[in-house]
Structure formats: C-alpha cells, structure tokens
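K.L.:
Written out as structure tokens, the structure is:
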C-alpha cells in the first residue's frame, strides 16, 4: 500500500517497497519490496527499520489517569545464514516499541541492536521488544538454543521459550533459521493487561494457543507516543534478517496480510564448497575405468587405515579419534586447501603473523568472501598435532561467545592440519603489555602488522575492560555451554584483541571437555605455561575449572603489574609470590605497572589485585568460581574479608609486628596513603 493509504493509528504493507520507514545501520529495501535488516556482506552488523510516524499508545481517561490502549501487529520474517538451515546463525532480530526512531548507542552481537552494556536493564529505556534470538547467551538467556522472548527495558526476557506452534492438538517445533518465512502475531489487550506472542509457518493459520503470554500493565513502560519497528544484529556468522510484510493497528486487530502478495525471498545462500573440477572429460570416462579407480582407492585407503591404526593407538585417557573417525554434522565449515593456499598467497613467509609449538599462523584473505582470517598450520612433525587439532575442533566448533575467538572452519590436506579463525587486527594482549619486547616464538594465534616495539601502552580503563571480557568468556566455558570446557592455557598471549580492543580468548589446543557435575579431567601430563600452572597440577595431574581459575588469577596480576608471571623484582620469586610478599608488608600498590603512572581507578585496581591473589590460592577449594569472579568484577558481590582466605596460604609469613593485608582495609582515597607504607595512592576519580 502507499503512504497515502497508511494511517496514524495503523498500516498494512504486503511488501515494504512503499512503506513509510526510517532506516539506520545496514537496513534497506530490496527492489522487490523485501526489507533486509542485515546482510551477508560483513559481520557485527546492526539494522534498524522504524515506521516513520509516532503512534498514540496512551488513552487519557481523565486528567490524572492514563492507560495503554490495545494494539496488535503481525509480520512475516525469515532468517538465512551463510551456513544454511543448520544450527549456526547470528544473532537474531526483534520487533520493537521504542520512544524514538532508532536506538542510539545500541550494540550488535547479543545486544540485538537494542541496548549496550550501560543501557541494558535501565527503566529509563521505555523499550518493549519481542526477540527472535538465534544464539544462546549465558548473560541474558535462560533458554539454551534459539528462542522467543518478551523483553522489557533489557535483554533478560521476562518470558521466553523455544519456538513452537500449536496445531492439531499438539505443539510442533519451529526453526527460526530455516530461511523459510514465519509469521508472528503480537497482541496487547489494554483492558486485561495481557501481552501475547504467537508464531506459525507461513502456510499455517494463526494457532489458537499463543506461544508466550504475559500478564503485565505496560503503562509504566510505554509513553504517550511511541515508534514501532524492527532491529537485528549479527556477530561472526554472516546472516540475512528479512521482513516480508507488516501490519499494525492501534485499538483494533491488525489487518491480515495477503500472503500471496509478499515478495519472494532470494535463493538460499550457497554454502562454501571446495572448488569443482572440470567435468567435461570426466563424464566421458567409461564405467569400467571409474570402477577400477574406485577399487584402487579403496584398497590403498584400507591399507593406510590399518597402518595408521597400529601407529596411532589411543593411550588410556586420551581422545585421538572422534565419532569413530567420522566428522560430526555440526563441525565447522570445511575449506578447500586450494582456497587457503590462495588466501595466504601460497603460505608465504610474508603472511606469517605468529608461530609456536604447533606450527605457524598466517594472515589470509578468503578469495570468494574477501574475509580476513588467521590460518593456523599444524606442522607434519608437530608433537601433538593430531591431538591438538581434534581438541580444538571439539572444543570450539560450536562455541559462540563475543569474548572467544571464532573458529570458521578447518582443512586437512596430505597430513597437514589447518584451522581457520576470525582475524584479530590488534593481535595479542601481551604485545600491548610488553610493547618493547619482540617474541617471535610466541604461540599466540595471530599478530597484526603493527606488532612492533613502539606499540602503544594500554591504559587502565582498557585493561579493566579486557579483564572483564576474558572473565566473561571463561565463565561461558565453565558454566554457560552444554559441556564444561577447561581451557588449560590461559595467558596474555592467548588473549587477542579485535578492532574495538575487545578481548577474545583463543588457542584451545590444550582444552579438555567433560560433562557438568564432574569436577576434573585426568591428564597424562602437565600442560600449560610456567607461571600459570596451578600447584596441584604438578602433584596430581588433574585439570579442572579450578586450575583455569588459578591461571586467570595469574593473568589478573600480569595485567595489573605489567610483569610476566615468572618475572618479579625479587630473585627466585614468582609474580604471585612477590604480590603475596608485598601484601603481607602492606605495600601491595608497589606492585602496579609503573607505566600506568597515577592514571588508574584505585578501587578497581585493588579489586583486581585482591581477586588475582585469591584466584591463585594454593588451596583449590578456596578459589572462587568464575560465576563469583563475574559477580566481584561487576560489583554484585563483595570479596570475602582478607583474613578469611589469607591465613592458610603457603606464602611468606609476616615478620613480627607487621600488619597483614592492612593496606587494603586502610587505603584512603581522600588522604592518598596507606597506613602501612605511607605510599601515595592515585585518586579514584579520573
């Protein structure tokens, strides 16, 4: 319909070609009238499309009483990812009622283009959304897997459930990412104060039973006039979010859409495939020749299999084979060797951005999508190459979190193992902590071209955000995924920084998995990096979430002190031991990175030092969980009193007359000193 046919109390668009809409981000209208909120051109997108006119939502019953009127909307959407109709997509979309056309400051990824870290959950937002979320995010979601939710002022849905629809007396599952059109009905009864959400495939009539129902008066949230529209966002998976038709009505039932008039969706995106050979000559080869080749290949393959089986027998406690040698259906994309060869310019030495015990890492540009990637090439003579390759695939093939490096896919070619990761343009954290060092033997996943001795120093605000990002990623590994993932190699060189300096934990080559409820995973050897390895690992060889917490504690101290865990001013003392010694002496602020000067927030710095020390407790049971760590860093919980967790540590005992830990309890931001050391303390105002 044309704009002239639209009304300020409602509208109906069978196709959005002539809709009166306002756009921002990547949202646009295709020539056939299809509204595309995001596309498959790039990652981390936001798309907003709002009806341009404000709508009157409040009914003034008297001078002192107002109430939200009834309203109704229906729309048809489709979500199509680069991986087709499997379980990989990102991130989702939402129908939105908001005070303005657009959502300033909103972020992509799990924020769905609705909020950001500071606005999420604030009552001043006055935003209501029905989210069609295709990725589970442990921070916000209670439903694992894709789901539908009703959001009020924040991303923790007040009601949420997996998508289903009611038909013929039963609930049937419904995919949000099939690439097929799905119809949604959202209705609010202003008298009963009831909000309902219903979904169904486009070829199914509206079900009698809604999917979600919320009894709540929306008057405190909805303002007198509001705007209605859609928001969508992506993360690492290239995804199209479409709206095919939309109808809205104030004080009435939204007009039904003419489904036969809706625009056609484009052809489903083709999954990346290996390059095909020319077939003309192949088709002329006779069946006897083909059969001979097949028999020969099977014979050679059988001989090779038995030779490999005898050579690579699995040791007890080691997982060398996966799914009886078959690749599971949910593995990441399999790249062709030719594509990776072209992406890395023949694995040119000029493209090397890192190296380590597993082999070299190359910068690459995928030939078709033009996406920048990091390609880890595991050498033929790598000591644990096959084991590490399988471990990485199993560990991160399905993991989806903004603070983890995304694995795009893999390739196996003539015994060479290749892993393809999202490229992190700012390289590894340790290059920022130690800008005057060059460490070409570092095992970091990738380094940028700017990894030079004059790299800039990180300020405290950036360091604190990186700490919180790594904590969030580690919390997801330990408690937020379907299995427990023990990383086993947390360190600064394995923390990578994206274009916005967000932290991404990477390099899962040593990771181990086990089911929830099991406390540890046995290992045949002590692995990790000296300085980050928990004491019990050398004693009993059991990796656990607690050993990861120890490594995270060493990482905290490293970021705050600007020293590697094996480096301290006192000879023969580790960083943990040195910080402990300074704690006993009441001089813990002397351990800070001198490059920070006085530019830091005292309260945050003390929190990080205390928390790092607590995470490195010699008693594993005294260390916090990552859930507790997150609560401490967010200020949702207070650290325990020092004397409750310091008395049993095997650290240098205080000398007679020394006051234990007094610098923390007696720091005065106003006087800028500690009672123990009379040491200058920076102001906590910045």
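Residue numbers (my numbering): -9 to 676.
For every residue, glycine included, the Cβ atom is placed at its ideal position computed from N, Cα and C.
Computed from a predicted structure; not experimentally measured.
Nearest CA to the CA of residue 601: which residue from 547, 406, 494?
P.N.:
Walking along the chain shown from the start, residue 601 turns up at place 611. Among 547, 406, 494, the Cα nearest to that of residue 601 is on 547.
K.L.:
Buried or exposed: where does residue 628 fall if 16 or more other Cβ atoms within 10 Å of its Cβ makes it buried?
P.N.:
Along the chain shown, read from residue 1 onward, the residue named residue 628 stands at position 638. With fewer than 16 Cβ atoms within 10 Å of its Cβ, residue 628 is classed as exposed.
K.L.:
Is residue 342 helix, strand or coil when you go by DSSP?
P.N.:
Residue 342 sits at position 352 when you count from the first residue of the chain shown. In the structure shown, residue 342 sits in a strand (DSSP, three-state: E or B).
K.L.:
Output the residue ranges of the beta strand (DSSP E) runs that lie fully inside the stretch 84 to 155 and measure 3 residues or longer, sorted by chain position.
P.N.:
If we require 3 residues or more, the beta strand (DSSP E) runs fully inside the stretch 84 to 155 come out as 118 to 123, 137 to 142, 149 to 151.
K.L.:
Roughly how many whole angstroms lie between the Cα atoms of residue 590 and residue 453?
P.N.:
The sequence position of residue 590 within the chain shown is 600, counting from 1. The sequence position of residue 453 within the chain shown is 463, counting from 1. Taking the straight line from one Cα to the other gives about 10 Å.
K.L.:
Are the C-beta of residue 204 and some C-beta of chain B separated by less than 9 Å?
P.N.:
Of the protein chains in this structure there is only one, and it is not chain B.
K.L.:
Would residue 539 pass as a contact of residue 485 if the rule is Cβ separation under 9 Å?
P.N.:
Your numbering for residue 539 matches position 549 in the chain shown. Your numbering for residue 485 matches position 495 in the chain shown. Not closer than 9 Å, so no.
K.L.:
Around the C-beta of residue 318, are 16 or more other C-beta atoms found within 10 angstroms, so that it is buried, or is it exposed?
P.N.:
In the chain shown, the residue the question calls residue 318 occupies position 328. Low confidence applies to residue 318: its pLDDT is 43, below 50, so where it sits in the model is not reliable enough to give any reading.
K.L.:
My guess is that residue 502 and residue 533 are in contact by the Cβ rule of under 8 Å, so how many angstroms apart are they, rounded?
P.N.:
What you label residue 502 is simply residue 512 of the chain shown in a count that begins at 1. What you label residue 533 is simply residue 543 of the chain shown in a count that begins at 1. Confirmed, Cβ separation roughly 6 Å.
K.L.:
Ends of the beta strand (DSSP E) at residue 238?
P.N.:
In the chain shown, residue 238 corresponds to position 248, counting from 1. Note, residue 238: beta strand (DSSP E), 229 to 240.
K.L.:
Look at the Cβ atom of residue 123, then the Cβ atom of residue 173, and state whether they are nearer than 9 Å.
P.N.:
As a working note, residue 123 is residue 133 in the chain shown. As a working note, residue 173 is residue 183 in the chain shown. Taking 9 Å as the Cβ cut-off, residue 123 and residue 173 do not qualify as a contacting pair.
K.L.:
Expressed to the nearest angstrom, what Euclidean distance is found between the alpha-carbon atoms of residue 227 and residue 498?
P.N.:
In the chain shown, residue 227 corresponds to position 237, counting from 1. In the chain shown, residue 498 corresponds to position 508, counting from 1. Roughly 20 Å separates the two Cα atoms.
K.L.:
Between the alpha carbons of residue 37 and residue 110, how many angstroms are there, rounded?
P.N.:
Locating residue 37 in the chain shown gives position 47, where the first residue counts as 1. Locating residue 110 in the chain shown gives position 120, where the first residue counts as 1. Approximately 18 Å, taken between the alpha carbons.
K.L.:
Where residue 151 and residue 130 are concerned, what is the direct C-alpha to C-alpha distance, given to the nearest angstrom?
P.N.:
Counting from 1 along the chain shown, the entry for residue 151 is found at position 161. Counting from 1 along the chain shown, the entry for residue 130 is found at position 140. Approximately 13 Å, taken between the alpha carbons.
K.L.:
What does the alpha-carbon distance come out to for the pair residue 200 and residue 361?
P.N.:
Here residue 200 refers to the residue found at position 210 when the chain shown is read from its first residue. Here residue 361 refers to the residue found at position 371 when the chain shown is read from its first residue. If you take the alpha carbons of residue 200 and residue 361, they lie about 41 Å apart.
K.L.:
Give me the DSSP bridge partner(s) of residue 504.
P.N.:
Here residue 504 refers to the residue found at position 514 when the chain shown is read from its first residue. BP columns for residue 504 point to 474.
K.L.:
I need the straight-line Cα distance from residue 337 to residue 393, nearest angstrom please.
P.N.:
As a position in the chain shown, residue 337 is number 347, starting the count at 1. As a position in the chain shown, residue 393 is number 403, starting the count at 1. Distance between the alpha carbons of residue 337 and residue 393 is about 28 Å.
K.L.:
Three or more beta-carbon pairs under 8 Å between the stretch 222 to 242 and the stretch 18 to 35, yes or no?
P.N.:
Flag = yes, the stretch 222 to 242 and the stretch 18 to 35 touch.
K.L.:
How should residue 127 be labelled, buried or exposed, when 16 other C-beta atoms within 10 angstroms of its C-beta is the threshold for buried?
P.N.:
Reading the chain shown from its first residue, position 137 is the one you call residue 127. Buried, by the Cβ-count rule.
K.L.:
Among 504, 537, 505, which residue has its Cα nearest to the Cα of residue 520?
P.N.:
Along the chain shown, one-based indexing puts residue 520 at 530. Comparing Cα positions, the closest option is 537.
K.L.:
Span of the beta strand (DSSP E) holding residue 677?
P.N.:
The requested residue 677 is not part of the displayed model; the chain covers only -9 to 676.
K.L.:
Work out the CA separation of residue 68 and residue 116 for me, nearest whole Å.
P.N.:
Working through the chain shown from its first residue, we reach residue 116 at position 126. Working through the chain shown from its first residue, we reach residue 68 at position 78. Distance between the alpha carbons of residue 116 and residue 68 is about 27 Å.
K.L.:
Counting only the same chain and skipping the five closest in sequence on each side, list residues whose C-beta sits under 6 Å from that of residue 12.
P.N.:
The count along the chain shown starts at 1 and reaches residue 12 at position 22. Taken in chain order, the residues that qualify are 40, 42, 91.
K.L.:
With a CB to CB cut of under 7 Å and the five nearest residues on each side skipped, what residues in its chain are close to residue 355?
P.N.:
Translated into the one-based positions of the chain shown, residue 355 becomes position 365. Only 333, 362 meet the Cβ criterion.
K.L.:
Taking the C-alpha atoms as reference points, what is the distance between residue 141 and residue 209?
P.N.:
As a working note, residue 141 is residue 151 in the chain shown. As a working note, residue 209 is residue 219 in the chain shown. Roughly 15 Å between the two C-alpha positions.
K.L.:
Could you tell me which of 155, 168, 471, 46 sits nearest to residue 175, measuring between CA atoms?
P.N.:
Here residue 175 corresponds to residue number 185 of the chain shown, with the count starting at 1. Selected option, being the one with the closest Cα: 155.
K.L.:
For residue 468 versus residue 476, is the C-beta spacing smaller than 9 Å?
P.N.:
The residue given as residue 468 occupies position 478 in the chain shown. The residue given as residue 476 occupies position 486 in the chain shown. Going by C-beta atoms, residue 468 is nearer than 9 Å to residue 476.
K.L.:
Roughly how many angstroms separate the alpha carbons of residue 480 and residue 102, rounded to a whole number?
P.N.:
Mapped onto the chain shown, residue 480 falls at position 490. Mapped onto the chain shown, residue 102 falls at position 112. When rounded, the distance between both Cα atoms is 29 Å.
K.L.:
Which of the three DSSP states is assigned to residue 444 in this structure?
P.N.:
Position 454 of the chain shown, counted from the first residue, corresponds to residue 444. Only weak support exists for where residue 444 lies, its pLDDT of 44 falling under 50; the value from the coordinates is given anyway. Here residue 444 sits in coil by DSSP.
K.L.:
Check for me: the alpha helix (DSSP H) holding residue 572 runs from which residue to which?
P.N.:
Within the chain shown, residue 572 is the residue found at index 582, counting from 1. First-last of the alpha helix (DSSP H) with residue 572: 565 to 574.
K.L.:
To the nearest angstrom, how far is it from the Cα of residue 184 to the Cα of residue 470?
P.N.:
For this step, residue 184 is matched to residue 194 along the chain shown. For this step, residue 470 is matched to residue 480 along the chain shown. About 32 Å.
K.L.:
Looking only at C-alpha atoms, which of 543, 170, 593 sits nearest to residue 610?
P.N.:
On the chain shown, residue 610 is found 620 positions in, with the first residue counted as 1. It is 543.
K.L.:
For residue -1, which residues in the same chain have their Cβ closer than 6 Å to its Cβ, ignoring the five residues on either side in sequence?
P.N.:
If you number the chain shown from 1, residue -1 lands on position 9. Answer for residue -1: 240, listed in chain order.
K.L.:
Tell me whether residue 70 is buried or exposed, calling it buried when 16 or more other Cβ atoms sit within 10 Å of its Cβ.
P.N.:
Position 80 of the chain shown, counted from the first residue, corresponds to residue 70. The residue in question, residue 70, is buried, as its Cβ has 16 or more Cβ neighbours within 10 Å.
K.L.:
Work out the CA separation of residue 247 and residue 1 for me, nearest whole Å.
P.N.:
Within the chain shown, numbered from 1, the residue matching residue 1 stands at position 11. Within the chain shown, numbered from 1, the residue matching residue 247 stands at position 257. The alpha-carbon atoms of residue 1 and residue 247 are separated by roughly 11 Å.
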